[in-house]
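So the protein sequences, as listed, match chains A and B.
Numbering of the first sequence is given in the working numbering, commencing with residue 12 and proceeding in unit increments.
Numbering of the second sequence is given in the working numbering, commencing with residue 37 and proceeding in unit increments.
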Amino acid sequence: DSGVTQTPKHLITATGQRVTLRCSPRSGDLSVYWYQQSLDQGLQFLIQYYNGEERAKGNILERFSAQQFPDLHSELNLSSLELGDSALYFCASSAGGQFQETQYFGPGTRLLVL
Amino acid sequence: DAKTTQPNSMESNEEEPVHLPCNHSTISGTDYIHWYRQLPSQGPEYVIHGLTSNVNNRMASLAIAEDRKSSTLILHRATLRDAAVYYCIPKGSNYKLTFGKGTLLTVNP
């Protein structure tokens, strides 16, 4: 158990809909990262937040947005969903945003868009 | 980010050592080499990382070539629980982890 929690574990929705994925980091960690894992693209970095502020951005679509709240939990919002958004979404956390520190991953949310 | 080359798959027997290679010939002088693994149906898990010297922890050892163009992750005694996809990730002055395809390790009982 990494200490990172993600809800829900599974999500089934339809094209065009909007969903919110939630992540609680390990106690004391200030950084939260979001990754997407799909069969064709593998594991890809989406975005990072550090203590409530966006710090780094990857290949995140404009239809996707994220935020980190004062209690440090984070939410990833996916809107206008397409079939291709079906994937595993992982959240990770780390202590303080140093480049080489370990990232601890949650169990993921499996999203299926029908 | 430096490109990596890893075997698509490797097989090992339980309780035998496993050497997982990774080529990263374009690595820069300040990039650390991180290894993560992903067990079936789980999120990635940190294994080990290093810069130049060989590193050991309770999970594995990391041997880094003198020219730093390659490294080898060593599992000293593989168990069934070590069956996973292993990712070698050069990491410089950025926050993200860039995952390649990794090596699928199968451990035979």
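Beta carbons are placed, not taken as given, at the ideal position from N, Cα and C, and that holds for glycine.
Beta carbon of Val-143/B, beta carbon of Glu-50/B: below 8 Å?
-> yes
Give the straight-line distance between the Cα atoms of Ser-99/B and Ile-63/B, rounded to the nearest whole angstrom.
-> Reading off the sequence, residue 99/B comes out as Ala, not Ser. Ala-99/B and Ile-63/B: Cα-Cα distance of roughly 15 Å.
Tell me, to the nearest whole angstrom, how far the beta carbon of Asn-44/B is from that of Leu-140/B; I am working on the premise that it is less than 8 Å.
-> 7 Å
Put Gly-95/A into one of helix, strand or coil per three-state DSSP.
-> helix
Per-residue burial, Lys-132/B [other beta carbons within 10 Å of its own, 16 or more giving buried] | buried
What span of residues does the beta strand (DSSP E) with Pro-118/A cover, start to end?
-> Pro-118/A -> no beta strand (DSSP E), and no H or E assigned at all.
Can you give me the start and stop residues for the beta strand (DSSP E) that Ser-42/A sits inside?
-> 42-49
Pairing CB atoms from the segment 76-87 of chain A with CB atoms from the segment 102-112 of chain B, are three or more of them under 8 Å?
-> no
Rounded C-beta distance between Tyr-115/A and Ser-13/A? I'm assuming under 8 Å.
-> 4 Å
Rounded to whole angstroms, what's the CA-CA distance from Glu-86/A to Lys-127/B? Just pull it up for me.
-> 26 Å
Run the CB neighbour count on Thr-40/B, radius 10 Å, all protein chains shown included, and call it buried at 16 or more, exposed below.
-> buried
CA-CA distance, Ser-61/B and Gln-52/A?
-> 23 Å
Taking the beta strand (DSSP E) that His-85/B falls in, what are its first and last residues?
-> 81-86
Measure the C-alpha to C-alpha separation of Ser-89/B and Gly-136/B and round it to an integer number of angstroms.
-> 23 Å
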